[in-house]
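Everything below concerns the one structure shown next.
Number of protein chains: 2
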Amino acid sequence: MDAALQVFSAHGFRGSTLDQIAINAGLSKPNVLYYFNGKEAIHVALLSDLLDTWLDPLRALNPNGNARDELLAYIRRKLELARNFPRESRLFANEIVQGAPRIENFLKGELRILVDEKAAVIAEWMDAGQIAKLDPFHLIFSIWALTQHYSDFEAQIRFIRADNITDSHDGAQSFVETIFDKILAP
Amino acid sequence: MDAALQVFSAHGFRGSTLDQIAINAGLSKPNVLYYFNGKEAIHVALLSDLLDTWLDPLRALNPNGNARDELLAYIRRKLELARNFPRESRLFANEIVQGAPRIENFLKGELRILVDEKAAVIAEWMDAGQIAKLDPFHLIFSIWALTQHYSDFEAQIRFIRADNITDSHDGAQSFVETIFDKILAP
DNA sequence: GTCTATAGAAGGATAGAC
DNA sequence: GTCTATCCTTCTATAGAC
């Protein structure tokens, strides 16, 4: 699974080969297929394992907590997830950039329900004047965009800042928290 | 070229086939190869045509202008580019998510020089107190992340908001400008 | 310039020995 | 469980007719 994650996240589904995965896993190609019922099955297994984990940070947003604290904590959880699991983040990014053919049902189902629910919570916080009035959906999208950018587009950041940093996430947490503090201020 | 852009942006380089491109272009496969010297050459031609255009919005940032106005105008140009050329945006996104193997030299060269130059301009604006003091590199990255998100991850936005909107960019301009207005306020 | 036919390599998957 | 050998499909690219 780790070998497959490595390969799929770096080349996308169609760009990856069983050969690469097998070599990466230190196995022969038929031996990989002994454990998984084909290339697609490996990919599905990877995504399935991940989908739930990926929802956790948003799921943990507590409607009864303080709006600003809850949202900043959510942002911190997302940043940590992206930083600790950049390959998983790029596995999703590859899928979505290419039209999300294999996770369409997840996006239209579980994720959508969760986003609708949490957007309503955020809207209430805004109505109550706890945070600035903004489109709650766009606010969620902006959190995703900013937190995942450091993992998904890591190559771009690395090539641009080669001399100055070694980790694309350097300074990201402090920066992202600072700007969302400004954004959310009522 | 348009057929190739369509295919490459939707499937990535390795995920695309000459068959798809040929069918999309209404030509036979050998006829496509009569015009281009191989699959890689088509991809290179597409990227080369695009790289310059992609730098234009940042290049137009005027050091002698008003900081806030210049940055908001830059954001507006980036949003328009992403909205008008989503396939081109995804062509880049595919490349970068997969480690930017074919545009590494562009990122480390032209783009890096331009970003360094404009980051210095932004730093001066900050020192002069025209806008809030932030890391200028992270500020540029955050503009990229937020503007491109609506094109690159369009599928995700569409599946989540299926009933409510038809265009992933709906409300994006007003939202992004609003939050950068808050972010930049000194 | 455009096509059909096909070469040659690579990829997914299976058979069958151990 | 793990391998080698191999089948069959798909893919890039070329040959050569028109």
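Protein chains in written order, with my numbering: chain U, 1 to 186; chain W, 187 to 372.
All residues carry an ideal CB built from backbone N, CA and C; glycine is no exception.
So with CB distances below 8 Å, who are the chain U contacts of residue i?
i	result
Arg269 (chain W)	Result: empty, since nearest Cβ-Cβ is about 15 Å, beyond 8 Å.
Arg294 (chain W)	A quick correction: the sequence has Lys, not Arg, at residue 294 (chain W). Going along chain U in sequence order, the residues near Lys294 (chain W) (Cβ under 8 Å) are Phe159, Ile160, Ala162.
Ile317 (chain W)	Chain U residues near Ile317 (chain W): none, gap ~12 Å exceeds 8 Å.
Residue i touches chain W at which residues, Cβ-Cβ below 7 Å?
i	result
Val115 (chain U)	Ile346
Glu40 (chain U)	The premise fails here: Glu40 (chain U) is roughly 14 Å from chain W at the closest Cβ pair, so nothing lies under 7 Å.
Asp152 (chain U)	Val283
Glu104 (chain U)	Phe345
Phe137 (chain U)	Arg347
Ala145 (chain U)	Ala331, Leu332, His335
Ala3 (chain U)	The contacting residues do not exist; Ala3 (chain U) stays about 17 Å from chain W at best.
What residues of chain U sit near residue i, judged by a beta carbon separation below 7 Å?
i	result
Ala286 (chain W)	Ala155, Gln156, Phe159
From the DSSP output, in three-state form, read off residue i for me.
i	result
His169 (chain U)	coil
Pro287 (chain W)	coil
Thr239 (chain W)	helix
Asp163 (chain U)	coil
Met126 (chain U)	helix
Thr203 (chain W)	coil
Ile42 (chain U)	helix
Asn66 (chain U)	coil
Asn270 (chain W)	helix
Gln29 (chain U)	Checking the sequence shown, residue 29 (chain U) turns out to be Lys, not Gln. It is helical.
Pro322 (chain W)	helix
Asn94 (chain U)	helix
Phe361 (chain W)	helix
Leu247 (chain W)	coil
Ala185 (chain U)	coil
Phe106 (chain U)	helix
Phe180 (chain U)	helix
Phe339 (chain W)	coil
Ile131 (chain U)	coil
Asn223 (chain W)	coil
Using a C-beta to C-beta distance shorter than 9 Å, which residues of chain U count as neighbours of residue i?
i	result
Asn280 (chain W)	Gly12, Asn94, Val97, Gln98
Ser234 (chain W)	None at all; the shortest Cβ gap to chain U is about 18 Å.
Pro194 (chain W)	Before going on, a small fix: residue 194 (chain W) reads as Phe here, not Pro. The premise fails here: Phe194 (chain W) is roughly 11 Å from chain U at the closest Cβ pair, so nothing lies under 9 Å.
Report the neighbours of residue i on chain W: residues whose CB is nearer than 8 Å to its CB, in chain order.
i	result
Thr178 (chain U)	Leu320
Gly15 (chain U)	Gly198, Phe199, Arg200, Gly201, Gln284
Lys182 (chain U)	Ala318, Lys368, Ile369, Ala371
Anything in chain W within Cβ reach of residue i, meaning under 9 Å, just list it in chain order.
i	result
Leu111 (chain U)	Gln342, Phe345, Ile346
Ala172 (chain U)	His324, Phe327
At least 3 beta-carbon pairs within less than 8 Å: the region 95-106 of chain U vs the region 73-82 of chain U | no
Between the region 59-75 of chain U and the region 166-185 of chain U, are three or more C-beta pairs nearer than 8 Å?
-> yes
Evaluate the contact criterion for the region 324-331 of chain W versus the region 189-199 of chain W: three or more CB pairs, one atom per stretch, below 8 Å.
-> no
Taking three-plus beta-carbon pairs below 8 Å as touching, is the region 128-135 of chain U in contact with the region 148-161 of chain U?
-> no
Do three or more CB pairs link the region 26-40 of chain U to the region 78-88 of chain U at distances below 8 Å?
-> no
Chain W contacts from the region 56-90 of chain U (Cβ-Cβ distance under 8 Å) | Arg90
Which residues, in order along the region 17-41 of chain U, keep a beta-carbon less than 7 Å from a beta-carbon of chain W?
-> none
Assess, as a yes-or-no matter, whether the region 226-238 of chain W is touched by the region 287-298 of chain W under the definition of 3 or more beta carbon pairs within less than 8 Å.
-> yes
Count the CB pairs spanning the region 199-207 of chain W and the region 292-306 of chain W that are closer than 8 Å, and state whether there are at least three.
-> no
The region 119-128 of chain U / the region 40-60 of chain U touching (three or more Cβ pairs under 8 Å) | no
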